[in-house]
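S.K.: Here it is: the structure, laid out below.
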Amino acid sequence: MTPIRPTYAAAMTGRTEYETLFTEIVADGVVLLTLNRPDRANGVVPELARDLVAALDAAEADLDVRALVLTGAGRQFCAGADLKEMHRHLAEEMPRTGEPYNARVIFPVIERVVASRLPTVAAVNGGATAGGFDLALACDIRIASTAAKFGETYIKLGLPPGNGGTWFLPRLVGPGLAAELALTGDVVDAARAREIGLVNRVVEPAALIDESVALAARIAQWSWRALEMTKQSLRSAWSVDLTSSLNNNYWAAVGLQAGPDVAEGVAAFVEKRPARFNRRPHPPRTPEGPAPRTV
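If you want it as structure tokens, here you go:
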């Protein structure tokens with residue numbers, strides 16, 4: 001099944017084919033990345049992990065790209081590890097290397113998505129289970145089709161959650177619901193996922209890519225540096241105390257408030273006109289002798 005395309009994407013260019021996925025420029029500053037192993041539920045194999053990291057590297061290297069949408073081809077978003085390949089790994093490589101399949105194949109993907117400078121929107125078109133669920137959780141924002149299903153289903157394979165789920169879930173739904181999802185392996189539908197805070201919104205399947213790209217395009221209109229620093233600040237706040245977070249905010253402000261984008265944003269507000277931000281990065285400017293942040 002061919003993934004649904006945004007109605008306004010026909011005139012856009014820049015499709016890049018990888019062995020297991022493809023990317024497309026679908027709006028100003030927005031890349032759509034589609035996992036393309038629909039016959040295997042977009043399960044993660046070493047080639048897909050390699051391609052996804054390479055595609056993220058390429059998107060970030062393009063300074064015109066300011067946001068990314070991630071989805072899956074066919075009926076599934078991502079089923080996590082490809083169990084056929086995992087079975088082979090357990091029989092042939094695990095005895096020799098001692099390295100778990102997920103550590104080799106999925107860890108690098110999760111870490112790379114979280115570390116990306118790009119705001120990421122997961123457009124969850126179908127099943128997102130185990131490592132595929134964790135991949136969706138690694139994105140900044142999740143929009144679900146009514147056909148989407150979510151499950152931290154590792155326990156059904158005799159495994160604990162293995163790809164960051166126990167880190168993401170308590171932060172998103174609280175420790176009690178996180179424990180219930182992880183210990184039962186229950187799969188929840190899109191409506192329940194929205195109710196408990198796993199996804200931002202639920203839309204009809206035909207509208208999923210349009211809605212996700214439109215949101216990414218709204219994000220991509222803002223200052224390149226401000227987007228980068230906002231994402232860094234949001235992610236770091238998950239693991240630091242308030243004072244440390246304020247210190248991070250302070251040093252971001254030192255660099256950005258001396259630069260052209262903040263001057264433009266404030267001027268546009270005062271003059272009651274749309275701001276014209278830089279769509280490419282400018283070097284942060286540090287004023288001479290910034291006052292130290294005291295606590």
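The opening residue of the sequence shown carries number 1 in UniProt numbering; numbering runs sequentially from there. Glycine included, every Cβ here is placed at the ideal spot set by N, Cα and C. As the structure is a computational prediction, the values presented were derived from the model and not from experiment.
Would you say alanine 58 and glycine 29 are within 8 Å of each other, going by their C-beta atoms?
M.R.: Not closer than 8 Å, so no.
S.K.: May I ask you to report which of helix, strand or coil DSSP gives glycine 158?
M.R.: Coil.
S.K.: By alpha-carbon positions, which one of Gly127, Tyr250 and Glu211 ends up nearest to alanine 190?
M.R.: Measuring from the Cα of alanine 190, the nearest candidate turns out to be Gly127.
S.K.: Taking buried to mean at least 16 other C-beta atoms within 10 Å of its own C-beta, is glycine 151 buried or exposed?
M.R.: Glycine 151 is buried by the Cβ-count criterion.
S.K.: Going by other Cβ atoms of all chains shown within 10 Å of its Cβ, with 16 needed for buried, is phenylalanine 277 buried or exposed?
M.R.: That one is buried.
S.K.: Cutting at 8 Å between CB atoms, please list the residues of its own chain near glutamate 204, excluding the five before and the five after it.
M.R.: Excluding positions up to five away in sequence, the list reads Ser145 and Thr146.
S.K.: If you pair each beta-carbon of the segment 82 to 89 with each one of the segment 112 to 129, do three or more pairs fall below 8 Å?
M.R.: The answer is no - the segment 112 to 129 does not touch the segment 82 to 89, with fewer than three Cβ pairs under 8 Å.
S.K.: Near arginine 75, what residues of its chain come up, given a Cβ to Cβ distance below 6 Å and the 5 sequence neighbours on each side ignored?
M.R.: Closer than 6 Å at Cβ, skipping near neighbours: Gly126.
S.K.: Within 8 Å, do at least three Cβ pairs link the segment 17 to 28 to the segment 205 to 218?
M.R.: Counting Cβ pairs under 8 Å, three or more are found: they touch.
S.K.: Would asparagine 102 pass as a contact of cysteine 78 if the rule is Cβ separation under 8 Å?
M.R.: Going by C-beta atoms, asparagine 102 is not nearer than 8 Å to cysteine 78.
S.K.: By how many angstroms is the C-alpha of leucine 56 removed from the C-alpha of alanine 9?
M.R.: For alanine 9, the pLDDT reaches just 41, beneath the cut-off of 50, and the residue's location in the model is therefore unreliable, leaving the point undetermined.
S.K.: Below 6 Å CB to CB, which residues in the same chain sit around serine 236 once its five sequence neighbours on both sides are set aside?
M.R.: Asn248.
S.K.: Only counting runs of 4 or more residues, tell me where the alpha helix (DSSP H) segments fall wholly within the segment 84 to 114, in order along the chain.
M.R.: Whole alpha helix (DSSP H) segments, 4+ residues: 94 to 97 and 101 to 105.
S.K.: My understanding is that glycine 164 touches glycine 80, with C-beta atoms under 8 Å, so please give their C-beta distance in whole angstroms.
M.R.: Actually they are not in contact, since the Cβ atoms of glycine 164 and glycine 80 sit about 12 Å apart, beyond 8 Å.
S.K.: Within 8 Å of any Cβ in chain D, is that where the Cβ of isoleucine 196 sits?
M.R.: In the structure shown, chain D cannot be found, because there is only a single protein chain.
S.K.: Using 8 Å for Cβ pairs, my map puts aspartate 51 next to glutamate 93. What's the rounded Cβ distance?
M.R.: About 20 Å separates the two Cβ atoms, so there is no contact after all.
S.K.: For leucine 169, which of Arg192, Glu47, Ala138 and Lys149 has the nearest alpha-carbon?
M.R.: Selected option, being the one with the closest Cα: Ala138.
S.K.: What's the gap between the Cα of valine 109 and the Cα of leucine 135?
M.R.: Going by the C-alpha atoms only, they are around 8 Å apart.
S.K.: Is alanine 123 helix, strand or coil when you go by DSSP?
M.R.: Alanine 123 falls in the strand class under three-state DSSP.
S.K.: Give me whichever residues DSSP pairs with phenylalanine 150 in a beta bridge.
M.R.: Note: phenylalanine 150 sits in a beta bridge opposite Ala128 and Val188.
S.K.: Can you give me the C-alpha to C-alpha distance between arginine 142 and alanine 226, rounded to a whole angstrom?
M.R.: Spanning the two alpha carbons is a distance of roughly 21 Å.
S.K.: Grouping DSSP H, G and I as helix and E and B as strand, with all else coil, what is isoleucine 196?
M.R.: Note: isoleucine 196 maps to coil in three-state DSSP.
S.K.: Tell me whether alanine 217 sits in a helix, a strand or coil according to DSSP, three-state version.
M.R.: Here alanine 217 sits in helix by DSSP.
S.K.: Select from Gly158, Thr16 and Leu181 the residue whose C-alpha is nearest the C-alpha of aspartate 166.
M.R.: A small fix is needed here, since residue 166 is threonine in this sequence, not aspartate. Out of Gly158, Thr16 and Leu181, Leu181 has the C-alpha closest to the C-alpha of threonine 166.
S.K.: Applying the 10 Å Cβ sphere with the 16-neighbour rule, what's the burial state of lysine 231?
M.R.: Flag for lysine 231 reads buried.
S.K.: What is the DSSP secondary structure of leucine 137, reduced to helix, strand or coil?
M.R.: DSSP places leucine 137 in helix when its eight states are reduced to three.
S.K.: Straight-line CA distance for tryptophan 238 to leucine 246?
M.R.: Their Cα atoms are separated by approximately 13 Å.
S.K.: Helix or strand or just coil, what does DSSP make of valine 240?
M.R.: Valine 240 falls in the coil class under three-state DSSP.
S.K.: Measuring straight from C-alpha to C-alpha, what distance separates threonine 129 and valine 187?
M.R.: Going from the Cα of threonine 129 to the Cα of valine 187 covers about 8 Å.
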